[in-house]
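Next up, the structure:
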């Protein structure tokens, strides 16, 4: 090779080096750690991506997402939390139960949670306005609305002398709901049949028990367990012809008679925005916990009619949406 050809080749390679280095530069990775199931969380995931886009981040272009789904097997969460942290993502996004495990395992990686529980009571943050540490997130009102749901269900099915309540036990959110429901029932003289449910097979047994005990209506509990099993819960309530009230609009979309609770996609969209802000350099400790206050009351009139129920026009008028 002639000297001038070698110099030209060297110069061309040198000019290409910055581009090669740029192409190989790693983009930030988000660890998406959730106790649920991908198919069940599709709408929330789409909303999260929308929030990321609003913050200037597009998956596959300037950010990557690694998914870790516990598939509703909560006993896997501690080991999975360690695996997520070992991947050293730039930010971890988690729902309530998953967030509690990663928070216990790292004080350095930023964590953004989405929760229907009380994050102060659950130990995720020191306070809503000053979360402190490496954790912040979005609270959507869910577990604290149990008494309101019970009141609405009593209006929808006033002839129900006994209302069955399903509870997934031993989480701060669900035990707070149990306490509120028992207090509300005592104040109004409403008879409750409270049934603890710990597995999908327990759901069938619980609804069979509710029907056998003469429950005139059903209140589905809050929390990720029931949300992840909502199709089964709605299907079984329909099979036993029990009018039911649920915690989010997704249940009514699946055929549940009524729901009252937070707009979950809106909360996940806000979580996406917070992740984007952290990726741009803001610290979780400086980002107050967002309190998502958008609440939806949904009535599935088609399901109600199959149950032989009719509602007063004034009650229907209070709904944010009536599915016909």
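Numbering (the working numbering), first residue to last: 3 to 326.
Don't be surprised by glycine CBs; every beta carbon is placed ideally from N, CA and C.
Quick one: grab the DSSP three-state call for residue i.
| i | result |
| --- | --- |
| residue 193 | strand |
| residue 104 | helix |
| residue 247 | strand |
| residue 313 | coil |
| residue 126 | coil |
| residue 167 | strand |
| residue 254 | helix |
| residue 134 | coil |
| residue 116 | strand |
Answer with buried or exposed for residue i, where buried requires no fewer than 16 other C-beta atoms within 10 angstroms of its C-beta.
| i | result |
| --- | --- |
| residue 173 | buried |
| residue 133 | buried |
| residue 28 | exposed |
| residue 318 | exposed |
| residue 307 | exposed |
| residue 296 | exposed |
Please identify the residue among the options whose C-alpha is closest to the C-alpha of residue i.
| i | options | result |
| --- | --- | --- |
| residue 99 | 64, 83, 89, 109 | 83 |
| residue 80 | 36, 90, 66 | 36 |
| residue 154 | 248, 323, 255 | 248 |
| residue 239 | 208, 274, 227 | 208 |
| residue 65 | 55, 160, 228 | 55 |
| residue 234 | 91, 130, 258, 211 | 258 |
| residue 326 | 32, 272, 260 | 260 |
In terms of residue numbering, what span does the beta strand (DSSP E) encompassing residue i cover?
| i | result |
| --- | --- |
| residue 97 | 93–97 |
| residue 31 | 31–36 |
| residue 291 | No beta strand (DSSP E) contains residue 291, which DSSP labels as neither H nor E. |
| residue 220 | 219–221 |
Mind checking which residues open and close the alpha helix (DSSP H) that includes residue i?
| i | result |
| --- | --- |
| residue 272 | 266–281 |
| residue 84 | 79–88 |
| residue 55 | 44–56 |
| residue 213 | 202–214 |
| residue 59 | Per DSSP, residue 59 belongs to no alpha helix (DSSP H) and is neither H nor E. |
Enumerate in chain order the residues of its own chain whose CB-to-CB distance from residue i is below 7 Å, with the five nearest sequence positions on each side excluded.
| i | result |
| --- | --- |
| residue 96 | 35, 36, 104, 113, 115 |
Which same chain residues end up closer than 6 Å to residue i when comparing Cβ atoms and leaving out the 5 residues on each side of it in sequence?
| i | result |
| --- | --- |
| residue 187 | 194 |
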